[in-house]
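K.L.:
Numbering (our numbering), first residue to last: 5 to 253.
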């Protein structure tokens, strides 16, 4: 919690104490894995609250809850994240800085100990048209953990690097988003992973939209075969498709 308090204090100072504007959203989804042998299905809920300080800074708090539909699996808090973004000036090219504190798998903290991932780095947004923009972020992260190993003996992540690219197309009520993320993680040895997501949504009203999404989150080295995977947008075993509804306040 100390990291989150420091993050809030930093962005209050960067925004020169401008009066914040608040917005919030709730995303509910039904997700299915494409693996024919293990077609896991789950319900997901993702609440988000954001405070915007003028044109220069914002702080958002986001969480992810997942409930598998299989009767023998319990729900989990996939993550809780606090993120700040500072962009000193508007324009065609918008540079900035981001900081992030994230806690994964909170339901395992009692057994595995607390884990927090602290990240920070550079941000750049490019909007050549009113209906199209791209954003990139990159920087290091480090992990604060109660223990150095999990209960199963696996070394806990210590530090790493992350890179993220987002493309957004907004045509009236239609919105198309593509996200690609790469992570280089160190837990005694380096390991690479990548995450891709595509979302298409239609705004039925100013506050409510529906859509479909596809995501792929895999390690670059297959743990079963040891072979290296290339970055992809689809995998017949690990891809996940979802339908979702989003409410904005």
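Every residue gets a Cβ at the ideal spot worked out from N, C-alpha and C, and that includes glycine.
Under 6 Å Cβ to Cβ from residue 241, same chain only, skipping five residues before and after it: list those, please.
P.N.:
Within the same chain, residue 241 has close Cβ partners 39.
K.L.:
Drop a sphere of 10 angstroms on the beta-carbon of residue 214, count the other beta-carbons inside from all chains shown, and report buried for 16 or more, exposed for fewer.
P.N.:
Flag for residue 214 reads exposed.
K.L.:
Count the CB pairs spanning the segment 166-182 and the segment 125-139 that are closer than 8 Å, and state whether there are at least three.
P.N.:
The answer is yes - the segment 125-139 touches the segment 166-182, with three or more Cβ pairs under 8 Å.
K.L.:
Quick one: residues in its chain with C-beta nearer than 6 Å to the C-beta of residue 249, no 5 flanking neighbours on either side, listed in chain order?
P.N.:
Contacts found: 32 and 214.
K.L.:
At what residues does the alpha helix (DSSP H) containing residue 116 begin and finish?
P.N.:
Element bounds for residue 116: 113-116.
K.L.:
Residue 107: buried (16+ other C-beta within 10 angstroms of its C-beta) or exposed?
P.N.:
Result: buried.
K.L.:
Taking residue 152 as the reference, give the member of 85, 60, 163 and 52 with the closest Cα.
P.N.:
Measuring from the Cα of residue 152, the nearest candidate turns out to be 163.
K.L.:
Relative to the C-alpha of residue 79, which residue among 46, 93 and 90 is closest?
P.N.:
Nearest of 46, 93 and 90 to residue 79, Cα basis: 46.
K.L.:
Apart from the five residues on each side of it in sequence, which residues of its chain come closer than 6 Å, Cβ to Cβ, to residue 85?
P.N.:
So the list reads 66 and 106, once near-sequence residues are dropped.
K.L.:
Three-state secondary structure (DSSP) at residue 283?
P.N.:
Look at the range of the chain in this structure, 5 to 253, and you will see that residue 283 is not part of it.
K.L.:
Does DSSP put residue 208 in a helix, in a strand, or in coil?
P.N.:
It is coil, neither helix nor strand.
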